[in-house]
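In this note's numbering, the protein residues as written are 10 to 396.
Quick notes on the structure that follows.
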């Protein structure tokens, strides 16, 4: 098992190439796990077919056998070795190792194929100048060399947080390097009170146009650009190829879309809260997924139409194809656009109702079935033929 120290990561229709008319349905599941989870946002398939799953709301970290029938608990809750406080996500590391994102302890842990815990590292990079927050490493992808890709924090301006961030990659010596800059959630900012007692209310604009990105095994970065409705691939050497722009009809935001946004947010466990405390020059940080109140839909500013693709929905399969979930009217089943290494659209995969993609294996796709009680059942599907 590799030590963690080695790798410490307008509503107008755009005229362009139409999306491929072919929609490939996802076939029947080949395996279904008999127990349910509270939240599953990622899986890590090992070379022998076993699967690591982290559930941040049930505080469960398990290793499921290759048939998806039996799950063994890995580690236990706590702050010491072989422990975690909120296991949030799992990512593949080189060989048969796995990266566990432990939000509760604000650390990253390397886990071996037998469930043994290896090296750990904090989810922060440096402290910077006094008053400046450190970089927070919440992985958004890990490439085949174990380099972590993550989004930087938005810059604060007089009008509030910026609506773009850098995507960073950790080099082998642990230093971050910029790979791309992407559009992220827009914000509104309202200031009230006097100069001596001023209050600033900063809120995100739900469903606002965001770029969706994912790292591939070869170290490239795919970015679905919301404004241009096209996909670009940034190679490990910085070279960039861009696919043809695609036509996408806007999806107007009605009350149903607002309510579905709130439900989807709950399905994913809510957002991640980060609190940084500085006392006498010493900083401490805590993180947690979920736990906040239900959002007041009427308290937000909403755009006229959804972003073309669903935020944070990008992933890359074992064949190097980029999958990103297309925005659709409320109530419609998930549809994933699939793009090749040249950034051009290959096909779209239609999922069964109430299924969401959570990861890939060597020749399989993993999805969760969200039941009426918002419980998640893990399923394995064969990859559809997209030739």
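Backbone N, C-alpha and C define an ideal beta-carbon position, used for all residues, glycine too.
Just so you know, these numbers come straight off a predicted model, no measurement behind them.
*asked:* Comparing C-alpha positions only, which one of 162, 316, 83 and 360 sits nearest to residue 177?
replied: 162
*Return the CA-CA distance between residue 139 and residue 289, expressed in angstroms with no decimal places.*
Since pLDDT at residue 139 reaches only 47, below the 50 mark, its modelled position is unreliable, and the value read off the structure follows with that caveat. Roughly 10 Å between the two C-alpha positions.
*What did DSSP end up calling residue 15 once you bin it into helix, strand or coil?*
Residue placement at residue 15 is flagged as unreliable, the pLDDT there being 35, under the threshold of 50; a coordinate-derived value is accordingly withheld.
*Taking the alpha-carbon positions, what's the residue 398 to residue 88 distance?*
The structure shown does not extend to residue 398, since the chain spans only 10 to 396, so no value can be given for it.
*Just how far apart, CA to CA, sit residue 42 and residue 168?*
48 Å
*Can we say the segment 82-101 touches the segment 112-128, given the rule of at least three CB pairs closer than 8 Å?*
yes
*Residue environment, residue 382, which counts as buried when at least 16 other CB atoms sit within 10 Å*: So residue 382 counts as exposed.
*Which class does residue 275 belong to by DSSP, given the choice of helix, strand or coil?*
helix
*Check whether the segment 214-229 touches the segment 180-200, taking contact to mean three or more Cβ pairs, one atom from each stretch, closer than 8 Å.*
yes
*Could you name the residues of the same chain whose beta carbon sits closer than 8 Å to that of residue 33, not counting the 5 residues immediately before and after it, in chain order?*
For residue 33, same chain residues with a beta-carbon under 8 Å away, outside a window of 5 residues either side, are 356, 357, 358, 359, 393, 394 and 395 in chain order.
_Can you find the residues in the same chain that come closer than 6 Å, C-beta to C-beta, to residue 273, ignoring five residues on each side of it along the sequence?_
none
*For residue 313 and residue 129, the rounded distance between their alpha carbons*: 44 Å
_Distance between residue 306 and residue 341 (C-alpha atoms, nearest Å)_ = 21 Å
_DSSP bridge partner residues for residue 46 (one or two, in chain order)_ = 385
*Mind checking whether residue 68 and residue 81 have CB atoms under 7 Å apart?*
No, they are not a contact pair.
*asked:* My output table needs one value for residue 308: the three-state DSSP class, helix, strand or coil.
replied: helix
*Around the Cβ of residue 296, are there at least 16 other Cβ atoms within 10 angstroms (buried) or fewer (exposed)?*
Result: buried.
_Where residue 95 falls, given that 16 or more other Cβ within 10 Å makes a residue buried_ = buried
*Give me the Cα-Cα distance between residue 186 and residue 179, rounded to the nearest whole angstrom.*
So the alpha carbons of these two residues sit roughly 6 Å apart.
*Should residue 326 and residue 335 be called a contact, given that it needs their Cβ atoms to be closer than 7 Å?*
no
*Which ranges would you report for the beta strand (DSSP E) in the segment 157-243 if only whole runs of at least 3 residues count?*
157-160, 173-179, 185-192, 196-202, 207-213, 221-224, 230-234 and 239-243
*asked:* Taking its Cβ as the centre, do 16 or more other Cβ atoms sit within 10 Å of residue 123, making it buried, or is it exposed?
replied: It is exposed - the Cβ of residue 123 has fewer than 16 other Cβ atoms within 10 Å.
*Which term fits residue 107, buried or exposed, when burial requires 16 or more other beta carbons within 10 angstroms of its beta carbon?*
buried
*According to the neighbour-count rule (16 or more other Cβ atoms, all chains shown, within 10 Å of its Cβ), is residue 258 buried or exposed?*
exposed
*asked:* Just verifying my parser: in three-state terms, what is the DSSP assignment at residue 341?
replied: coil
_Run of the beta strand (DSSP E) containing residue 72, from where it starts to where it stops_ = 69-73
*Going by DSSP, what residues sit across from residue 61 in a beta bridge?*
53 and 72
*For residue 145, which residues from the same chain have a beta carbon less than 7 Å from its beta carbon, with the 5 sequence-adjacent residues on both sides left out?*
132, 133, 162 and 283
*Could you work out which residue in 267, 174 and 254 is closest to residue 222 when comparing CA atoms only?*
174
*From residue 166 to residue 191, what distance separates their C-alpha atoms?*
Rounded to the nearest angstrom, the two C-alpha atoms are 17 Å apart.
_Cα-Cα separation between residue 384 and residue 245, rounded to whole angstroms_ = 39 Å
*What is the DSSP secondary structure of residue 390, counted as helix, strand or coil?*
strand
*Around the C-beta of residue 298, are 16 or more other C-beta atoms found within 10 angstroms, so that it is buried, or is it exposed?*
buried
*Closest by CA to residue 320, which one among 234, 300 and 373?*
Closest option to residue 320, Cα to Cα, is 234.
_Extent of the continuous beta strand (DSSP E) to which residue 249 belongs_ = Element bounds for residue 249: 249-251.
*Using the Cα positions of residue 160 and residue 149, report the straight-line distance between them to the nearest angstrom.*
7 Å
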